[in-house]
Amino acid sequence: MIKITDLRRSYRMNKETIVHALDGISFEANPKEIVAVVGSSGSGKSTLLNVLGGLDREYEGTVDVDGKDIRAYNPNYYRREKVGTIFQQFNLIGALDVRENVLLPIKFGGQFTPAEAKNRADYLLHKVGLSERKHHLPNELSGGQMQRVAIARALVASPDILLADEPTGNLDSTTGQEIMQLLYELNQDEDMTMFIVTHDLELVKGIDRKIFLRDGQLISPNK
Ligand SMILES: Nc1ncnc2c1ncn2[C@@H]1O[C@H](COP(=O)(O)OP(=O)(O)OP(=O)(O)O)[C@@H](O)[C@H]1O
Ligand SMILES: [Mg+2]
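Position in the sequence shown (from 1) plus 42 gives the number in the numbering used here.
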């Protein structure tokens with residue numbers, strides 16, 4: 043359960059100008075819920091994900107995850123085990139093969155033995171349809187395949203929350219819909235709350251729960 047109350051995040055540009063990237067937003071999300079966060083460029087979507095991901099602690103208001111303020115969690119534990127993130131740019135490490143990329147988040151955590159870690163990675167690579175590509179390097183993959191690796195990597199530590207920032211932004215619309223389908227299936231298998239951020243309403247038409255951001259505020263869709 044995630045409970046956000048009056049979340050505010052501003053950036054001071056200079057003496058006179060402050061940008062209110064998040065301007066007092068409140069909402070709740072339940073375990074297993076998929077929440078689409080929709081808004082145009084600059085509306086505050088990535089700012090929201092940075093807070094939820096534990097990367098940004100310079101906010102006002104409260105963000106509770108499973109009954110505890112995220113600032114009360116050990117930051118490393120929170121970032122490593124509570125949340126997984128999928129970035130628009132994939133952010134794969136070019137010198138590591140597919141399986142090594144997937145294993146990266148749990149390499150130093152100590153929560154899996156090496157054999158368990160390998161099993162978990164192989165299970166997820168199977169799930170995302172890349173069993174045959176385990177030992178390939180990222181530059182030997184298509185964009186959609188790279189995004190599948192990034193998804194497997196975000197899930198490897200079994201996070202409670204999956205954050206996806208424009209997860210299909212670099213893909214054609216057919217591949218984009220395939221990735222969305224995959225995220226829906228993974229949401230059924232793995233017990234996690236998902237936040238999918240996009241400016242593209244069409245992409246998230248299959249998601250019931252949508253929140254709309256404009257200038258850092260939540261708006262109702264017909265405004
Ligand atoms: N580090 C920063 N310093 C100053 N202003 C920032 C910073 N990060 C974001 N902003 C501003 O905060 C507002 C919200 O930015 P944010 O990145 O959250 O938008 P977004 O909805 O993710 O946009 P996009 O769809 O283009 O990724 C914008 O006006 C942006 O210029
Ligand atoms: Mg953004």
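Cβ coordinates follow ideal geometry from the N, Cα and C atoms, glycine included.
Predicted model only: the values in this text are computed from it and were never measured.
Original post:
Among the residues of its own chain, which have a CB less than 6 angstroms from the CB of residue 192, if the five just before and after it don't count?
Top reply: 128, 132
Subject >> Contacting residues, own chain, Cβ-Cβ under 8 angstroms from residue 251 (five flanking each side not counted) >> reply: 71, 75, 76, 77, 78
Subject >> Alpha-carbon spacing of residue 93 relative to residue 101, whole angstroms >> reply: 8 angstroms
Original post:
Since residue 221 is in the alpha helix (DSSP H), which residue starts that stretch and which ends it?
Top reply: 215 to 231
**OP:** Mind listing, in chain order, the continuous alpha helix (DSSP H) runs of no fewer than 4 residues lying wholly within the region 62 to 134?
**Re:** 87 to 94
Subject >> Element boundaries [beta strand (DSSP E), containing residue 239] >> reply: 235 to 240
Subject >> Straight-line gap, residue 116 to residue 194 (C-alpha atoms, nearest Å) >> reply: 24 angstroms
Original post:
Can you tell which of 95, 136, 103, 175 has its C-alpha closest to the C-alpha of residue 118?
Top reply: 95
Original post:
Whose CB is closer than 6 angstroms to a heavy atom of ligand 1? List the residues in chain order.
Top reply: 53, 61, 63, 81, 83, 84, 85, 86, 87, 88, 89, 241
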